[in-house]
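Quick note: the sequence shown uses my numbering, first residue 70, plus one each step. Reading through the structure tokens given below for one structure.
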Amino acid sequence: MNERGALIDGFNRRISYLRLSVTDRCDLRCSYCMPERMRFLPRKEVLTLDELHMLALGFIERGITRIRITGGEPLVRRDVMDLVHALGRRIGKGLEELTLTTNGVQLADHADRLAAAGVRRVNVSIDTLDRNLFERISKRDRLPQVLDGIAAAREAGLKVKLNTVALKGLNEAEIPGLIAWAHAQGHDLSLIEVMPLGEVEGDRLDHYLPLDVVRRHLEQRWTLVPSEHRTGGPSRYFDIPETGGRLGFITPLTNNFCDGCNRIRVTATGQLYPCLGGAERVDLRAALRSQEPDSRLARALDIAMRIKPERHHFRMDRRGAEPAQPRHMSMTGG
Ligand code: SAM
Ligand code: SF4
């Protein structure tokens with residue numbers, strides 16, 4: 070670690086986990102995430118591969134031990150594997166773990182190379198196993214590619230965790246089947262509550278499904294045994310003896326688990342958001358593109374630690390309300 074030391078925020082939380090977005094672009098258009106006519110960033114605003122690499126190394130110097138590459142869809146960025154390879158060389162040298170969150174569409178083409186670079190786990194988002202519903206939710210007919218991607222990842226030896234956004238009136242009835250399918254293949258699955266981030270077509274409240282409702286429903290079918298497993302995020306986990314798998318509930322709205330938050334997020338343009346639900350941010354790109362990138366970056370990280378809020382203030386209770394934050398989840402990644 071460098072002389073400025075570990076990243077510790079104003080509430081004495083040690084920040085050790087970075088979610089690094091490499092693009093805001095995507096090959097799907099999940100209706101809860103972005104509109105069909107999403108306006109993407111001009112390429113010159115996006116950090117170059119060298120800048121992303123330099124940034125990640127700067128974070129590792131300050132005690133970040135886990136990096137998750139995300140997006141938008143990280144695998145649509147052509148040079149993303151160069152970054153994965155470069156960071157893979159730091160595993161065991163400051164970096165403990167390098168992971169990726171993907172929609173799985175292009176995973177089959179990348180799974181072997183991810184494993185060769187040192188990635189051991191990937192998160193794949195999948196909201197349904199029904200091809201028509203998949204197309205309805207994501208606006209693209211890509212379920213077969215996603216399933217191939219999941220299978221390829223498993224064959225490459227990657228541990229696959231699945232993420233499913235719970236959507237009232239869409240995948241609601243399918244959730245138990247999806248969990249049973251995932252666990253039968255050895256994949257843990259986490260359910261996510263829809264969050265009010267960025268404008269989309271329609272009102273997210275129409276499909277907002279609080280996970281306590283889902284949980285009560287699942288408890289009629291299975292035993293949900295609270296697990297000690299923690300990741301420092303807003304997830305709580307349960308083991309299901311009947312399926313032999315683990316089920317996560319990511320409940321930023323119905324529960325607030327900010328006390329143990331260990332993470333920060335950086336967008337593809339180098340904006341550091343210390344809280345997913347907050348507007349606070351620090352411009353790391355300006356630091357990186359300055360005459361003194363090292364010292365400016367170090368100072369920017371110190372500022373980020375001072376402004377990380379104690380907790381988020383998401384709400385999802387007013388029809389037609391503005392999103393809690395104008396930026397989409399595809400900016401800061403999952
Ligand atoms: N494209 C990749 C994917 O879908 O996994 C990575 C980025 S995506 C923004 C990361 C995660 O955020 C996905 O699991 C997605 O379902 C979730 N997500 C997107 N928008 C969301 C929202 N408004 N509320 C809750 N989860 C959201
Ligand atoms: Fe793309 Fe992921 Fe957003 Fe879906 S959730 S539109 S896959 S960034």
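Glycine residues also receive a C-beta, built at the ideal position from the N, C-alpha and C atoms.
Using a C-beta cut-off of 8 Å, the stretch 234-248 makes contact with the stretch 177-197, since at least three inter-stretch Cβ pairs fall below that distance. The continuous alpha helix (DSSP H) containing V282 extends over residues L280 to E288. Fewer than three beta-carbon pairs drawn from the stretch 77-94 and the stretch 178-189 are found closer than 8 Å, and the two stretches are therefore not classed as touching. A straight-line Cα-Cα distance of about 37 Å links I160 and R284. Note that the stretch 152-172 touches the stretch 131-144; at least 3 beta-carbon pairs, one per stretch, sit closer than 8 Å. The continuous stretches of beta strand (DSSP E) do not include I129, which lies in the alpha helix (DSSP H) extending over residues L118 to E130. If you draw a straight line from the Cα of T292 to the Cα of S304, it is about 18 Å long.
Around the beta carbon of E262, a 10 Å sphere encloses 16 or more other beta carbons of the protein chains shown; the residue is thus reported as buried. At least one heavy atom of the ligand SF4 lies closer than 7 Å to the C-beta of G140. For E311, same chain residues with a beta-carbon under 7 Å away, outside a window of 5 residues either side, are W291 and T292 in chain order.
Following the DSSP letters along the chain, one finds D181 inside the alpha helix (DSSP H) bounded by residues L176 to A186. Between S90 and T401 the beta-carbon gap is near 6 Å, inside 8 Å, which marks them as a contact. For the ligand SAM, no non-hydrogen atom lies closer than 7 Å to the CB of M107. In the assembly as shown, G218 is a buried residue. Its beta-carbon has 16 or more other beta-carbons within 10 Å.
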